[in-house]
Amino acid sequence: MSRTATARGLSLGTAAIVLIAAPSIVHAQQQAPQAAQADAATADDDMYGAIIVTAQKRAAKINDVPMSITAASGDQLTRLGVTDATQLTKVVPGFTYNESAYGTPVFTIRGVGFQETSLGASPTVSSYIDEVPVPFPAETLGLALDLERLEVLKGPQGTLFGSNSTGGALNYIAGKPTSKLSAGLDASFGSFNTLDLQGHIAAPLTETLGIRVAGRYTRGDGWQKSQTRPGDRLGAKDFLQGRVLLVWEPTSSWRSTLNLTAQRDHSESVAPQYYQFVALNDGPLIPEGFRNFPRAPQDNRVSDWDPGVSFRRNNRFYLGSLRNELDLGDAAHITSITAFERFRRFQPVEGDGTPFNDYRAESFGKINTFYQELRLDGKIGALSYIVGGNYEYDFVNDNTIQYYTQSSSASVFGIPLGPTRPNTQQRLRTYGVFANVDYEINDQFTAHGAVRFTQANRELLYGCGQDIDGSWGRVSQAIQAYIHTLRGEAPTSTPVPVGGCGTINLANVQPEGAHDKLDENNISWRAGLDYKPSRDVLLYLNASRGYKAGSFPTLAAATTRQFEPVVQESVLAFEAGAKITAAGGRVQANGAVFYYDYTNKQVLGRIPDIAFGPLPALVNVPKSRIWGAELDLTLNPVEGLRLRPAVTYINSRIGDGFVNYDSFGVQGDFGGEPFAYTPKWQANVDAEYSFPVNEGVDAFIGGNMLYYGKTNGAFGQFPSLDIDAYTTFDARLGVNAHDDKWRFQVWARNLTDKYYWTSAFRVNDSINRYPGNPRTFGATLSFRY
Numbered sequence: 017m018s019r020t021a022t023a024r025g026l027s028l029g030t031a032a033i034v035l036i037a038a039p040s041i042v043h044a045q046q047q048a049p050q051a052a053q054a055d056a057a058t059a060d061d062d063m064y065g066a067i068i069v070t071a072q073k074r075a076a077k078i079n080d081v082p083m084s085i086t087a088a089s090g091d092q093l094t095r096l097g098v099t100d101a102t103q104l105t106k107v108v109p110g111f112t113y114n115e116s117a118y119g120t121p122v123f124t125i126r127g128v129g130f131q132e133t134s135l136g137a138s139p140t141v142s143s144y145i146d147e148v149p150v151p152f153p154a155e156t157l158g159l160a161l162d163l164e165r166l167e168v169l170k171g172p173q174g175t176l177f178g179s180n181s182t183g184g185a186l187n188y189i190a191g192k193p194t195s196k197l198s199a200g201l202d203a204s205f206g207s208f209n210t211l212d213l214q215g216h217i218a219a220p221l222t223e224t225l226g227i228r229v230a231g232r233y234t235r236g237d238g239w240q241k242s243q244t245r246p247g248d249r250l251g252a253k254d255f256l257q258g259r260v261l262l263v264w265e266p267t268s269s270w271r272s273t274l275n276l277t278a279q280r281d282h283s284e285s286v287a288p289q290y291y292q293f294v295a296l297n298d299g300p301l302i303p304e305g306f307r308n309f310p311r312a313p314q315d316n317r318v319s320d321w322d323p324g325v326s327f328r329r330n331n332r333f334y335l336g337s338l339r340n341e342l343d344l345g346d347a348a349h350i351t352s353i354t355a356f357e358r359f360r361r362f363q364p365v366e367g368d369g370t371p372f373n374d375y376r377a378e379s380f381g382k383i384n385t386f387y388q389e390l391r392l393d394g395k396i397g398a399l400s401y402i403v404g405g406n407y408e409y410d411f412v413n414d415n416t417i418q419y420y421t422q423s424s425s426a427s428v429f430g431i432p433l434g435p436t437r438p439n440t441q442q443r444l445r446t447y448g449v450f451a452n453v454d455y456e457i458n459d460q461f462t463a464h465g466a467v468r469f470t471q472a473n474r475e476l477l478y479g480c481g482q483d484i485d486g487s488w489g490r491v492s493q494a495i496q497a498y499i500h501t502l503r504g505e506a507p508t509s510t511p512v513p514v515g516g517c518g519t520i521n522l523a524n525v526q527p528e529g530a531h532d533k534l535d536e537n538n539i540s541w542r543a544g545l546d547y548k549p550s551r552d553v554l555l556y557l558n559a560s561r562g563y564k565a566g567s568f569p570t571l572a573a574a575t576t577r578q579f580e581p582v583v584q585e586s587v588l589a590f591e592a593g594a595k596i597t598a599a600g601g602r603v604q605a606n607g608a609v610f611y612y613d614y615t616n617k618q619v620l621g622r623i624p625d626i627a628f629g630p631l632p633a634l635v636n637v638p639k640s641r642i643w644g645a646e647l648d649l650t651l652n653p654v655e656g657l658r659l660r661p662a663v664t665y666i667n668s669r670i671g672d673g674f675v676n677y678d679s680f681g682v683q684g685d686f687g688g689e690p691f692a693y694t695p696k697w698q699a700n701v702d703a704e705y706s707f708p709v710n711e712g713v714d715a716f717i718g719g720n721m722l723y724y725g726k727t728n729g730a731f732g733q734f735p736s737l738d739i740d741a742y743t744t745f746d747a748r749l750g751v752n753a754h755d756d757k758w759r760f761q762v763w764a765r766n767l768t769d770k771y772y773w774t775s776a777f778r779v780n781d782s783i784n785r786y787p788g789n790p791r792t793f794g795a796t797l798s799f800r801y
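Note that my numbering has the sequence shown beginning at 17, numbered continuously upward.
Right under this line is the structure:
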């Protein structure tokens, strides 16, 4: 699309926001003399606009924060069945989730995501629990335990939250201790004998010390059915987590918060659905049964996997954080955050969705993280400020044992190839200093400015495809000799011991693996101006630049070329938006238009390999762009009825002249294509009607609709890698106490049993899809004390 057309689209979106805002602005100007008296009686105190968020690392009403934010309380997420970030598409317009081919989750906001499979892949959408970063996506799936609320911040958040948040941030706020004894329990039972128990208890231990203990246990039977073995099931759930949170306030100005969290996941990894046979390098080792294996039926439950293999995970995550706050008055407030995190993974993955061993993997590894932040914030007259710095240390050891005995990869140069073990060990050190100011020019205009300097030092300590049974060592020797021959040299080779490194350094043609460093720095910034003609209207303009750090991949690498890193990417973002409360608080409208200029977008592409043809590697897309618009509403048209419709439009485009390889090894120019996993349209609607049954009991009926537009899983826009548009419906009905002390509901998710898939990809000799969730029914009983 031309720049003119882009500008026209953004202008139309801005005009729409202004038109929405105009009646409220006019009303505000007409009622200015009475504004002070009206403030006390504004009805939105009990509506959406009264939600308190900490998106700018200080408490503020959501309608006073000049950026696009979606916020949901923990109780709201429970009612909708949202138990982790994979289900946030129900409530967050513009958010997408997909599972990569090796089980690593990928989060995307407004088209900004990183489709990488490595354990140590830094995201574009970062996650935080009470402002403590949880830096890698594989660690984040249990963060929704006992939440006060969840804040989803859209657009680059690098100035306050650091790098790796070019798409946005997920800010989880944990429930805190209470001044008197309180407790809660949510118990659900549903299809596939799924039991989900979540509870908490909070109490003061002394006059200065409070505690909150929370836990969750989820178990369920396998829901996937084998296509070839009746009665064989996969996808059982077994997830346990707990948290102890202590708050100590020895004085009115000092507050310490200790968070101890642990979780373990023994659930089974689900299998993708087989779609199509496409040989990487065709040969006699591929069984005819695999070549002719039938495509999976259009049923979310039906797939297949290697028989006799356990896909039970053993993933564990531990977090300990200490937050100290010293209040020195309005002008100065000191915050220190210290955190240690530990993640251990063992996660078997079925790769091809058939009973044949074309590809299967066991991913295991570990992550150790230390984080420290120290900041000072306050308000002096019309100026609010934040200054601070932070340091993060990460060590990541990522391993994957790959099995492919019945694939085209099982023989190289006529030499049988057994299992291999790609392994990387990386050390990351990140330093940042930042400052943020907000200046109230007058009662209606506020200017904003922020800047951060980041130094990111990433070291690849070890990158190698390791031998397991001696076969990869023999293949490595053959490749070494072949490289020498191509260079006109004697076909010599260096033996590789069993368990040794077979990846060849092209500089000296030796099997020694990769060792490299990537030291980069950047300056993120943000500037904005907002106009608030009344308490009910906020208009804002923002410009910002954010960065995502460079990265080394974990890949099955024949040569060290595949371990070459991508450099940091950056997003220059422009956003105009409005937040409007109208009709006495019964209407809340939030809208925004945005334009992103994307430089060096990181993608998992391909480079040519001397023995295997084009193989995966990380590459940078020099130039690309995104523009779009979003609108979400909260409507209370009549007593008891609440409607929450939201829609997002995203137009993404890879810049001209980007040449790489598609999933089938064919080189092409992909300039002008949309981003993978980025549908143009997304929409969701949540509706609920409640009415009194008697003085103490209300009844309710509600539902949720999700629309996800068509997109594609890779370069080339091949139909076999399409992800078709789909619409799902959830429904719920029940009764609750008027004071919300208890609630009972029955529910159905994916009510029409819609068949859909959330990702499409090629692995080895097949194209596969991860199916969506099937229809499920259940009931939830909640108590609050």
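All residues carry an ideal CB built from backbone N, CA and C; glycine is no exception.
beta-carbon residue i near the ligand FMN non-hydrogen atom, thresh 7 Å
i    : result
Y705 : The ligand FMN is absent from the structure shown, which contains no ligands of any kind.
Exposure of residue i, with buried meaning 16 or more beta-carbon neighbours within 10 Å
i    : result
Q683 : exposed
V98  : buried
I402 : buried
G119 : buried
D414 : buried
K726 : exposed
V713 : exposed
I495 : buried
G718 : buried
Y801 : exposed
N316 : buried
Segment limits, beta strand (DSSP E) that includes residue i
i    : result
L96  : First-last for L96: G90 to L96, but that is the alpha helix (DSSP H), not the beta strand (DSSP E).
R445 : T436 to E456
V491 : From DSSP, V491 is part of no beta strand (DSSP E) but of the alpha helix (DSSP H) over S487 to L502.
T570 : Neither: T570 is in no beta strand (DSSP E) and is coded neither H nor E.
H349 : H349 to E366
R658 : L657 to I670
C-alpha gap between residue i and residue j, whole angstroms
i    : j    : result
S798 : A203 : 6 Å
Y5   : W541 : The requested residue 5 does not occur in the structure, where the chain is confined to residues 17 to 801.
E591 : Q173 : 13 Å
D9   : P109 : With the chain running from 17 to 801 in the structure shown, residue 9 is simply not present.
A101 : F362 : 21 Å
D672 : T615 : 13 Å
I227 : H754 : 28 Å
P787 : S423 : 23 Å
F177 : S379 : 30 Å
V609 : A645 : 4 Å
Q257 : A75  : 28 Å
R602 : D648 : 14 Å
L444 : A472 : 7 Å
K770 : A764 : 12 Å
G629 : G299 : 14 Å
E655 : E711 : 16 Å
Q289 : A741 : 18 Å
Residue interval of the alpha helix (DSSP H) (run including residue i)
i    : result
F293 : Careful: F293 lies outside any alpha helix (DSSP H), inside the beta strand (DSSP E) at Q289 to F293.
L176 : G174 to F177
F306 : E304 to R307
Nonlocal neighbours in the same chain, by C-beta distance under 7 Å from residue i, ignoring five residues either side
i    : result
V619 : Q131, V635 and V637
L399 : V453 and Y455
S427 : G299, L301 and L433
A252 : G236, D237, G238, S283 and E284
Residues near residue i by beta carbon distance below 6 Å, same chain, minus five either side
i    : result
R19  : Confidence at R19 is low in this model, with a pLDDT of 41, below 50, so the placement of that residue should be treated as unreliable; the coordinate-derived value is given next. Result list for R19: empty, nothing under 6 Å.
N275 : L261 and S337
I499 : V525
G434 : D485 and S487
S242 : D248 and D320
message = Please give me, in chain order, every unbroken run of the beta strand (DSSP E) with length at least 3 that falls completely inside the segment 201-242.
response = 210-220, 225-236 and 240-242
ask   = At what residue ranges does the segment 124-183 contain a whole run of the alpha helix (DSSP H), taking only runs of 4 or more?
value = 174-177
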